[in-house]
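*Asks:* Take a look at this one; I'll ask things after.
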Amino acid sequence: MKRSVGQILGRTGIRIPLILWTIAVLYPIFWMFLGSFKSNAEIYRNPWGFPETLNWQNFANAWTNYNIDTSVFNSLIVTVVGTILTLVLAIPTAYAIERINFKGSKLLFTLYVSAMMIPMVLGWIPLFFLLADLNLLDNIYGLAIVYAVSQLPFTIFVLTSFMSTIPNSLEEAAAIDGLSPYGVLWKIITPLTMSGIITVTIMNAIQFWNEYFMALIFLQSSGNYTLALAIDYISSEAQYTNAWGTLFASLVIAILPVIILYAIFQRRISQGMTEGAIKG
Amino acid sequence: MVQSKKQKYTFLAFCLVPTFIMFAIFTLYPLFSGLYYSFFNWSGSSQNKEFIGIGNYIRLFNDAIIPNTIIHDYFLVVTKVIGIMVLALFFAVALTQLKIKEAPFYRIVFFFPNIMSVVVIGILWTFIYNPSMGLINSGLEFIGLESWTRPWLGSETWALPSLVLPSIWAGIGLFMLMLMGGISNVSKSYYEAAEIDGANQWQQFWKVTLPLVWPQIKISILYIVITTLNGSFVIVQVMTAGGPNNSTHVMGSYLYQQAFVQYNFGYGATIGVMILVLSLITVLLLQFLMRRDKVEY
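Top line first, the protein sequences correspond to chains A and B. The opening residue of the first sequence carries number 1 in my numbering; numbering runs sequentially from there. The opening residue of the second sequence carries number 1001 in my numbering; numbering runs sequentially from there.
Pasting the structure below:
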């Protein structure tokens, strides 16, 4: 009996840090949602409590006066174009590396994978001038291309490991039935890798939606700002305008899609990231 | 598969060449020409690009801010590795070894900051550190420690340490999951054997868990080091932009300032080369230091 009392105490004791950390994670996020419903006066008066009324003014203000509508649209385009382009580029290469015997396939794989460890900051300066030469600077499609290529190594890496689990016999049977290799890739391999494709696509989408630094360098006019840049702009303005409520509303707009994706694909996202990190 | 050699090579080319061309244009070429640019004095326009040999590198060694940016980067590396590993290991052990019913809830909550945008994290924490309204100062006042309140991000001494907390906050979940994966792979029989031998939970942790999840610990540390050296500047840029008075500049944010704010593109590229070299050396050194024979019982 004595031992079980000790154990119960131990269990409760171990829960204290867990609960504290839960509060540390959730409270700021929660508080950001609360702040988005408060007027500026209320934020100053009562920065950490509940709002007195549900006030949607901040959202309307962010949406219309701070061009968040344009930025959401830009972020959506960059995310959608970026993720599709990543898949178009990555699926055939992942298949060739994983399934076709050719000289240098190991080398090519190593080249792609080692690019994950290289700090890309060095490349951003030449990339800036390259995009300028290609007329893709300050252009959301240019940014989408840069994003897609930046996630290529990770995507190829994850897809090859998914493809390695597909049995060879399926492809052989399809080839005997007269399917061309293009048909095998499109009709057999792609559907069978769908689980992996969904996982990398969600992760790439979150990555592109959230990305800040490349957007900061490669986009210049406010009409092209992605959400991250628009928020950064509102934040630096808020020091003078004190438009904190608007800032919180725009943060909420940025984080909502991520929360929804996480709510649906929680297991996929955490597994994908953990495995990507472990094997990479 | 029944197909001619020619067909096979056409298909291979179809699969590999377009992707590789894109990769070469947007990844390989920029990296190598970054190396090349580091030998020029260049403010962006094509006329006044002047070859100055190792001039930028001499400037790098004489720039008083550079050693500070390196120290700041490694300060973040060390504090993040310690902070994240201690907490992530503790949480991972707590959630796997002690049968806690609501463990999945903690797992889901702790991981969430990992997929938040650095901009959101940075702005949120800037507000938490806000001298008048922020949670930290309000909290200190609430528990009667008014003398501890300070303008965290506005102070040259406290700004850099203040960046550590958001980074740990945002990073813990991923490493906790990696370690949990390692721990759940350790066979139960080792713990049973340890228990029979009279080892308490603390001893079990040191003698069984730690050695057997060493591979995951090693990968986690390497991963934190790489992502910090290659990416710490993002949170710096969002929260302090290197200030106050350069006290939080890390290598990457200093590169950004030199290249894209002051238009010293050649010198910026030189800083980029330094980041590349330092991060490669650090990773190789760490791999050498942490090689430890695989433990098998």
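Ideal Cβ positions, reconstructed from N, Cα and C, are used throughout, including at glycine.
For chain A, is any of its Cβ atoms less than 8 Å away from the one on Val1309 of chain B?
*Replies:* A question about residue 1309 of chain B goes unanswered here, because the residues of chain B that appear run from 1001 up to 1297.
*Asks:* Run through the stretch 189-263 of chain A for me and flag every whole alpha helix (DSSP H) of 4 or more residues, listed as ranges in chain order.
*Replies:* Complete alpha helix (DSSP H) runs here, min 4: 194-210, 213-218 and 227-241.
*Asks:* Using the C-alpha atoms, what's the distance from Phe1091 of chain B back to Tyr1074 of chain B?
*Replies:* Counting from one through the second sequence, the residue named residue 1074 of chain B turns up at place 74. Counting from one through the second sequence, the residue named residue 1091 of chain B turns up at place 91. Rounded to the nearest angstrom, the two C-alpha atoms are 25 Å apart.
*Asks:* Following the continuous alpha helix (DSSP H) through Lys1080 of chain B, name the residue where it begins and the one where it ends.
*Replies:* Along the second sequence, one-based indexing puts residue 1080 of chain B at 80. Taken as a continuous stretch (DSSP letters only), the alpha helix (DSSP H) holding Lys1080 of chain B covers Ile1065 to Gln1097.
*Asks:* Relative to the C-alpha of Ser1298 of chain B, which candidate in A:Phe162, A:Ile176 and A:Asp133 has its C-alpha closest?
*Replies:* Beyond the ends of chain B as shown, which are 1001 and 1297, falls residue 1298 of chain B; an answer cannot be given.
*Asks:* Gln1237 of chain B CB to nearest chain A CB: under 8 Å?
*Replies:* On the second sequence, residue 1237 of chain B is found 237 positions in, with the first residue counted as 1. At least one chain A Cβ lies under 8 Å of Gln1237 of chain B.
*Asks:* Can the beta-carbon of Tyr1037 of chain B be found less than 8 Å from the beta-carbon of Ile125 of chain A?
*Replies:* Within the second sequence, numbered from 1, the residue matching residue 1037 of chain B stands at position 37. Within the first sequence, numbered from 1, the residue matching residue 125 of chain A stands at position 125. In contact: Tyr1037 of chain B and Ile125 of chain A (Cβ atoms closer than 8 Å).
*Asks:* Could you have a look at Phe1142 of chain B and say whether DSSP puts it in helix, strand or coil?
*Replies:* On the second sequence, residue 1142 of chain B is found 142 positions in, with the first residue counted as 1. Of the three classes helix, strand and coil, the one that applies to Phe1142 of chain B here is helix, per DSSP.
*Asks:* If you draw a straight line from the C-alpha of Gly1083 of chain B to the C-alpha of Asn135 of chain A, how long is it?
*Replies:* The sequence position of residue 1083 of chain B within the second sequence is 83, counting from 1. The sequence position of residue 135 of chain A within the first sequence is 135, counting from 1. Each residue's Cα considered, the two are about 44 Å apart.
*Asks:* Quick check: what's the CA-CA separation for Ile23 of chain A versus Phe1265 of chain B?
*Replies:* Here residue 23 of chain A refers to the residue found at position 23 when the first sequence is read from its first residue. Here residue 1265 of chain B refers to the residue found at position 265 when the second sequence is read from its first residue. Rounded to the nearest angstrom, the two C-alpha atoms are 44 Å apart.
*Asks:* Could you check what DSSP says for Phe1040 of chain B in three-state terms: helix, strand or coil?
*Replies:* For this step, residue 1040 of chain B is matched to residue 40 along the second sequence. Here Phe1040 of chain B sits in strand by DSSP.
*Asks:* Identify the residues that DSSP records as bridge partners of Glu1050 of chain B: which are they?
*Replies:* Your numbering for residue 1050 of chain B matches position 50 in the second sequence. DSSP output for Glu1050 of chain B lists B:Asn1041 as bridge partner(s).
*Asks:* Run the CB neighbour count on Phe1142 of chain B, radius 10 Å, all protein chains shown included, and call it buried at 16 or more, exposed below.
*Replies:* What you label residue 1142 of chain B is simply residue 142 of the second sequence in a count that begins at 1. Phe1142 of chain B comes out exposed.
*Asks:* Kindly list the residues whose CB is nearer than 6 Å to the CB of Gly142 of chain A, restricted to its own chain and excluding five residues on each side of it in sequence; keep chain order.
*Replies:* Sequence index remark: in the first sequence, residue 142 of chain A carries index 142 (1-based). These residues qualify, in order along the chain: Leu131 and Leu136.
*Asks:* How many angstroms separate the CA atom of Pro51 of chain A from the CA atom of Pro28 of chain A?
*Replies:* Looking up residue 51 of chain A in the first sequence gives position 51. Looking up residue 28 of chain A in the first sequence gives position 28. Their Cα atoms are separated by approximately 15 Å.
*Asks:* Grab me the residues of Leu1174 of chain B's own chain with a C-beta within less than 6 Å of its C-beta, minus the 5 sequence neighbours each way, in chain order.
*Replies:* Translated into positions along the second sequence, residue 1174 of chain B becomes position 174. Asn1114.
*Asks:* Of the residues A:Gln220, A:Phe154 and A:Tyr262, which one's Cα is nearest the Cα of Met298 of chain A?
*Replies:* Shown here, chain A extends from 1 to 280; a query on residue 298 of chain A therefore has no answer.
*Asks:* Helix, strand or coil for Val1250 of chain B per DSSP?
*Replies:* Mapped onto the second sequence, residue 1250 of chain B falls at position 250. Three-state DSSP puts Val1250 of chain B in coil, outside helix and strand.
*Asks:* Have a look at B:Thr1096, B:Gln1201 and B:Pro1131 and flag the residue whose alpha-carbon is nearest the alpha-carbon of Gly1181 of chain B.
*Replies:* Reading the second sequence from its first residue, position 181 is the one you call residue 1181 of chain B. The candidate whose alpha carbon is nearest that of Gly1181 of chain B is B:Thr1096.
*Asks:* Is the CB of Gln304 of chain A under 8 Å away from at least one CB in chain B?
*Replies:* No statement about residue 304 of chain A is possible, as the shown extent of chain A runs from 1 to 280 and does not include it.
*Asks:* Using a beta-carbon distance below 8 Å, is Pro47 of chain A in contact with chain B?
*Replies:* For this step, residue 47 of chain A is matched to residue 47 along the first sequence. Yes, because at least one Cβ of chain B sits closer than 8 Å to the Cβ of Pro47 of chain A.
*Asks:* Considering only residues of the same chain and omitting the five flanking positions on each side of Ala1159 of chain B, which have a CB-CB separation below 8 Å?
*Replies:* On the second sequence, position 159 is the one that residue 1159 of chain B refers to. Taken in chain order, the residues that qualify are Trp1152, Leu1153, Thr1240, Gly1243, Pro1244, Ser1247 and Thr1248.
*Asks:* Cβ closer than 8 Å: which chain B residues qualify as neighbours of Met334 of chain A?
*Replies:* There is no way to answer for residue 334 of chain A, as the model of chain A reaches only from 1 to 280.
*Asks:* Can we say the stretch 216-231 of chain A touches the stretch 60-72 of chain A, given the rule of at least three CB pairs closer than 8 Å?
*Replies:* Because the criterion of three Cβ pairs below 8 Å is met, the stretch 216-231 of chain A and the stretch 60-72 of chain A touch.
*Asks:* Starting from Arg1107 of chain B and walking both ways along the alpha helix (DSSP H), at which residues does that stretch end?
*Replies:* Along the second sequence, one-based indexing puts residue 1107 of chain B at 107. Segment Ala1103 to Phe1111, the alpha helix (DSSP H) holding Arg1107 of chain B.
*Asks:* How about Leu159 of chain A and Ala90 of chain A: do their beta carbons lie closer than 8 Å?
*Replies:* Taking the first residue of the first sequence as position 1, residue 159 of chain A is located at position 159. Taking the first residue of the first sequence as position 1, residue 90 of chain A is located at position 90. Yes; because the gap between Cβ atoms is below 8 Å, this pair is in contact.
*Asks:* Determine the DSSP secondary structure at Lys103 of chain A, reduced to helix, strand or coil.
*Replies:* Position 103 of the first sequence, counted from the start, is the residue given in the question as residue 103 of chain A. Three-state DSSP puts Lys103 of chain A in coil, outside helix and strand.
*Asks:* Beta carbons nearer than 8 Å to chain A: which residues of the stretch 1002-1027 of chain B have them?
*Replies:* Of all residues in the stretch 1002-1027 of chain B, Val1002, Gln1003, Gln1007, Lys1008, Phe1011, Leu1012, Phe1014, Cys1015, Leu1016, Pro1018, Thr1019, Phe1020, Met1022, Phe1023, Ile1025, Phe1026 and Thr1027 have a Cβ within less than 8 Å of some Cβ in chain A.
*Asks:* In whole angstroms, give me the CA-to-CA distance for Thr1079 of chain B and Ile1224 of chain B.
*Replies:* Numbered from 1 along the second sequence, position 79 holds the residue referred to as residue 1079 of chain B. Numbered from 1 along the second sequence, position 224 holds the residue referred to as residue 1224 of chain B. Approximately 11 Å between the Cα atoms of the pair.
*Asks:* Where do the N-terminal and C-terminal ends of the alpha helix (DSSP H) with Thr155 of chain A fall, by residue?
*Replies:* As a working note, residue 155 of chain A is residue 155 in the first sequence. Here the alpha helix (DSSP H) through Thr155 of chain A covers Ile140 to Met163.
*Asks:* Under DSSP, the alpha helix (DSSP H) around Phe37 of chain A begins and ends at which residues?
*Replies:* Here residue 37 of chain A refers to the residue found at position 37 when the first sequence is read from its first residue. Here Phe37 of chain A belongs to no alpha helix (DSSP H), and DSSP marks it neither H nor E.
*Asks:* Strictly below 9 Å CB to CB, what residues from chain B border Leu34 of chain A?
*Replies:* In the first sequence, the residue the question calls residue 34 of chain A occupies position 34. Within chain B, no residue comes near Leu34 of chain A; the closest Cβ sits about 12 Å away, beyond 9 Å.
*Asks:* Do you know how far the Cα of Tyr147 of chain A is from the Cα of Met1001 of chain B?
*Replies:* Within the second sequence, the letter at position 1 stands for residue 1001 of chain B. Within the first sequence, the letter at position 147 stands for residue 147 of chain A. With a pLDDT of 47 at Met1001 of chain B, under the threshold of 50, the modelled position of this residue cannot be trusted, and the question is left open.
*Asks:* Taking any Cβ of chain A, which residues in the stretch 1047-1076 of chain B have a Cβ under 7 Å from it, in chain order?
*Replies:* Against chain A - using a Cβ distance shorter than 7 Å - the stretch 1047-1076 of chain B contributes no residues.
*Asks:* Please classify Thr1270 of chain B: does DSSP put it in a helix, a strand, or coil?
*Replies:* Numbered from its first residue, the second sequence carries residue 1270 of chain B at position 270. Note: Thr1270 of chain B maps to helix in three-state DSSP.
*Asks:* Taking Ala115 of chain A as the query, report the chain B residues whose CB atoms sit under 9 Å from its CB, ordered along the chain.
*Replies:* Counted from its first residue, the first sequence places residue 115 of chain A at position 115. Result: Phe1023, Thr1027, Leu1028 and Leu1031.
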